[in-house]
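Sequential numbering from 657 applies to the sequence shown in my numbering. Yeah, the Cβ is synthetic: ideal placement off N, Cα and C, and Gly gets one too. These figures come from a predicted structure and were not determined experimentally.
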Amino acid sequence: MRTIAIFFFAVVSAISTKAQSTQVVQLEHSLRWAPESNFPNFLEDRTVKETLLDEIGDRLASKLNVTDIVFPGAIQYRMISGFGKTKIKFPKSSGDTQVAIASAITRATVGYSMLWSMQVVIKKKGKTILDKEVEHELEPYSMSIRLSAKPWLEASEFTETFLFLLDECLGNQAYKTETIQFGSIEIVRKQVEKIIPIGNEYRLAVAGAMMTEADATYQLLKDSVVLHDFYYKDKEEWDFNLTFAPQSIFPSIFSEITGIETYYTLESKEKRFGTLTTSDGIKRRLRLDWLTELRKSAVDNEVVEGQIISPITGQFFEKDSLISHFIVYSEQRPIQNFSLRNAHFQQGDEDWSETVFTVVGNFKGRPFAVNYNEADARVLISLEGKTVAVLSVINSNPASLSAGGVRMSKNKRVITSGSIKKPKLEVGSAEWYPLYVVENIGEEETIEMGFILMLLFFAVGQA
């Protein structure tokens, strides 16, 4: 009889233990010294919020051997702009079991390192039974992402990382001070596959500032083989005189874009120059002209009024021969697929639009068009009306500490911009930009597309 009583008491005790409730008195995530454009508030996403609550509940129930987890009304989210930081807070009245979870993404006090920390404190009847804090440095998959306003992570990565840190705090996962990397360059390839069928992959290695008014060195590579190299020198004086020749602008494209039929009445209002030297030893010259439409007096044929027009016209010379003429223009477009959720991620008075640059022209008698969307970080190249290649403007070299000529020091303390004369290109540490090409385009045509890209870089940098 005594044995039965003991067994009955043990069963009742076990049931009583299981029935005890645990109250989560603090559950918050904060962002400090970093913009939401890089680290969006994914807690606005209902799926993310519900997944986190379910998973946190399961982990706490298993850790504390309880069945009832009581959460606060919402996961609190805070943006911290000053020196404040998240602090663990418990109510004065102590319940049976109370849990506080504080997650925080913050820039380091000195430099540009980004850190994600989490602290979990559990108290039972007022006594602390667990107090664990972990911290990891964060790294995006490309320096281009770090030095831009693009998100470092997606919603699924936010959820996974939050739970990973929670597991480390609860002892479900051994804590190791390793850097957490978000994303991979495969994301870029998958996006390109939606645009063109990828037949061949190349790499444009760059030293210097691409698409800026600065000198830069380029190499077009297939695997480790250099197919061609280019050295762009900004604003170099030409050794021969050249006057603007409006008749060289093919009228069909010009009139289509500008609406001006009589292009012979145009004069160059302002001009920019650059030179391109390649591995074949030939120096090629580039020129951009901002045009004025002239209105002349009917009496003495003198110019009485000038009006600046857009787009800009460009010319590309090989020795003394014109091998390409083109037109450059840009436009502001509303961000595609824009939503109120995207608006929440916008900072201050940021414009909800994206800049798109277009270069339309003729290269050695072949029509081409280049479309560069800054927001997408992609360049689409079309030959004879068909998109045949996509250049990603996301640096794919994990060893590179720069993007677009902007460089971060190894200790992530300093960011510098600017260039030196004739930047030296070392393939191992250079910026790498993937170039994806359709199957029926060979290496010679790809090299020609390299020249077309140089026209874009020159035009965007000057315009």
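In the DSSP assignment, the beta strand (DSSP E) including residue i goes from what residue to what residue?
i, result
"E684", "677 to 688"
"E1095", "No beta strand (DSSP E) holds E1095; DSSP gives it neither H nor E."
"K878", "872 to 878"
"K1080", "Counting along the chain, K1080 falls outside any beta strand (DSSP E), and DSSP gives it neither H nor E."
"M735", "732 to 736"
"L860", "856 to 864"
"V1125", "This structure does not reach residue 1125, given that the chain is present from 657 up to 1119, and the question cannot be answered."
"K1042", "1042 to 1048"
"I1037", "1034 to 1039"
Pull up the CB-CB distance for residue i and residue j, whole angstroms please, since I reckon it's below 8 Å.
i, j, result
"Y733", "E684", "7 Å"
"L1036", "V1046", "6 Å"
"M867", "V1116", "4 Å"
"L944", "Y888", "Their Cβ separation, rounded to whole angstroms, is 14 Å, which puts L944 and Y888 out of contact at 8 Å."
"T753", "L709", "Wrong, their Cβ atoms sit about 18 Å apart, outside the cutoff."
"Q875", "L716", "Not confirmed; about 55 Å, so no contact."
Does residue i have its Cβ less than 9 Å from a Cβ in chain D?
i, result
"K781", "Here chain D cannot be found, since the structure has a single protein chain."
Is the beta carbon of residue j closer than 9 Å to that of residue i?
i, j, result
"T1014", "E987", "yes"
"A830", "A1086", "no"
"A805", "S693", "yes"
"K975", "W946", "no"
"V1070", "G751", "no"
"G930", "Q1118", "yes"
"E700", "T815", "no"
"K779", "F727", "no"
"L771", "E793", "yes"
"M799", "S1058", "yes"
"M735", "L687", "yes"
"L883", "I1108", "no"
"K634", "E1099", "Any answer about residue 634 is impossible in this case: the structure gives the chain only from 657 up to 1119."
"V1012", "I983", "no"
"A756", "I744", "yes"
"R702", "P1090", "no"
"T678", "I725", "yes"
"F739", "E795", "no"
"A690", "K1068", "no"
"E869", "D885", "no"
"Y797", "P1054", "yes"
"R859", "S1052", "yes"
"L1112", "Y985", "no"
"V776", "T784", "no"
"T934", "R940", "yes"
"V1044", "M1105", "yes"
"A872", "F698", "no"
Considering residue i, what are the terminal residues of the alpha helix (DSSP H) in which it resides?
i, result
"A717", "702 to 720"
"D787", "Not the alpha helix (DSSP H): D787 falls in the beta strand (DSSP E), residues 783 to 796."
"L826", "811 to 826"
"S640", "No statement about residue 640 is possible, as the shown extent of the chain runs from 657 to 1119 and does not include it."
"I841", "Run containing I841: none; DSSP gives neither H nor E here."
DSSP beta-bridge partners for residue i?
i, result
"Q971", "R943, H981"
"Y888", "A872, L932"
"M597", "Only positions 657 to 1119 of the chain appear in this structure, which leaves residue 597 out of reach."
"L1018", "As written in the sequence, residue 1018 is Asn, which differs from the Leu given in the question. Answer is H981, P1023, bridged to N1018."
"A1121", "Look at the range of the chain in this structure, 657 to 1119, and you will see that residue 1121 is not part of it."
"R1063", "S1058, T1072"
"Y988", "Strictly speaking, residue 988 in this sequence is Gln, with Tyr absent from that position. Q988 pairs with T1011."
"N1053", "Bridge partners of N1053: none, in fact."
"P696", "Per DSSP, none; premise fails for P696."
"K927", "D945"
"K780", "T753, K783"
"P1090", "R859"
"V882", "L877"
"Y831", "Beta-bridge pairing links Y831 to no other residue."
Less than 8 Å between the CB of residue i and some heavy atom of the ligand SAM, yes or no?
i, result
"S977", "Ligands displayed in this structure: none; no statement on the ligand SAM is therefore possible."
The stretch 852 to 866 / the stretch 1087 to 1098 touching (three or more Cβ pairs under 8 Å): They touch, by the three-pair rule.
Meets three-Cβ-pair contact criterion under 8 Å: the stretch 819 to 826 and the stretch 1015 to 1023: In short, these stretches do not touch, since the Cβ pair count stays below three.
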